[in-house]
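Colleague: First to last, the protein sequences are chains A and B. Everything in the first sequence is counted per the numbering used here, starting at 940 for the first residue and increasing by one. Everything in the second sequence is counted per the numbering used here, starting at 940 for the first residue and increasing by one. Ideal placement from N, C-alpha and C gives every residue a C-beta, glycine not left out. Below is one structure. I have some questions about it.
2 protein chains.
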Amino acid sequence: MKKSPAHRPLEPAQLAAVADLFSVLSEPSRLRILQFLQRGPATVTQIVEGLHLKQANVSKQLGILTTARVVERQQQGNFARYSIAMPLVFDLCALVCKSVADLAARHAKALAP
Amino acid sequence: MKKSPAHRPLEPAQLAAVADLFSVLSEPSRLRILQFLQRGPATVTQIVEGLHLKQANVSKQLGILTTARVVERQQQGNFARYSIAMPLVFDLCALVCKSVADLAARHAKALAP
DNA sequence: TCACTATATTGCTAAGCAGTGATATAGTCA
DNA sequence: TGACTATATCACTGCTTAGCAATATAGTGA
């Protein structure tokens, strides 16, 4: 299957899908959870203790991340083990970090030329 | 394949900056405006007519994009000419599109193996 | 000056959502 | 069985924001 080569406007459904993924990544708490999982799979309690978040909140955010298929859930006895299912998100974050750093640098230069 | 250097957790400020940029990119109307501008700089009216959006809304979204330094504004007489200031956003969208397509493919395969 | 155009802003409504405490569900072990 | 643990869900509050109509601002040309 061949896909759009370069600059074709996205169809509405694609556009919505892209916006949805960005939306999932637009909450600091979810980004923190993803960073935590980057070191390896973890249970809800491990995340709660590692990030000092409330359990209800972590479960909720993990639900959102799971629905978006950014993480995946594996039941292990009494535990739920979550892991990264879309490593691409770290590429995205790295790109954004770079641009954020560039912005900050440009901004600093603009303030003190 | 180059491996990214040991992933250190982002500091809160960086985290917030990343989340903010993702948030800016999480609205379909803003993505549509960015796509429109990908073909070249445009005025507010051109965007309004090209995308069939309300003028007040376009001005508002352009303001948000400008604050985030994703686009930049150039006053030309009575007009405001907007252009892309952060071409990286198209790299981000391309990556996301790819992952969205992958997801759809995997999903389709899961439904009809 | 006035009329006209392009853009920005204001005030509003409705919807969405993060975070929380309480509670429900489900698994484990005695 | 019952006590305990891990996780999910519910009900709610407060905050944010997209979209809109109306209005304000600013530039142009007469």
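Please list the segments of the beta strand (DSSP E) lying wholly inside the stretch 961-1049 of chain A, counting only runs of 3 or more residues, in order along the chain.
Modeller: The qualifying runs are 1010-1015, 1018-1023.
Colleague: DSSP state of residue 949/A, grouped into three classes?
Modeller: DSSP places residue 949/A in coil when its eight states are reduced to three.
Colleague: For the candidate residues 1031/A, 983/A, 968/A, 977/A, whose alpha-carbon lies nearest to that of residue 1014/A?
Modeller: Taking only the C-alpha atoms, the option nearest residue 1014/A is 983/A.
Colleague: For chain A, find out if any of its Cβ atoms is closer than 7 angstroms to the Cβ of residue 955/B; answer yes or no.
Modeller: Closer than 7 angstroms: yes.
Colleague: Compute the Euclidean distance between the alpha carbons of residue 1000/B and residue 979/B, then round it to the nearest angstrom.
Modeller: Cα to Cα, residue 1000/B sits roughly 18 angstroms from residue 979/B.
Colleague: If you measure from the beta carbon of residue 1026/A to each beta carbon in chain B, is any gap under 7 angstroms?
Modeller: Cβ-Cβ to chain B under 7 angstroms: no for residue 1026/A.
Colleague: Do you know offhand how far residue 1020/A's Cα is from residue 1018/B's?
Modeller: Rounded to whole angstroms, residue 1020/A to residue 1018/B spans 55 angstroms at the Cα level.
Colleague: Show which residues of chain B have a CB atom less than 7 angstroms away from the CB atom of residue 965/A.
Modeller: By Cβ distance, chain B contributes 958, 961, 962, 965.
Colleague: Compute the Euclidean distance between the alpha carbons of residue 991/A and residue 950/B, then round it to the nearest angstrom.
Modeller: Each residue's alpha carbon lies about 15 angstroms from the other.
Colleague: Taking C-beta to C-beta, are residue 958/A and residue 1026/B nearer than 7 angstroms?
Modeller: Their beta carbons are not under 7 angstroms apart, which means residue 958/A does not touch residue 1026/B by this criterion.
Colleague: Short of 7 angstroms in beta carbon distance, which residues of its chain neighbour residue 1012/A, apart from the five on each side in sequence? Order them along the chain.
Modeller: Counting only Cβ-Cβ distances below 7 angstroms, and skipping sequence neighbours, we find 1005, 1019, 1021.
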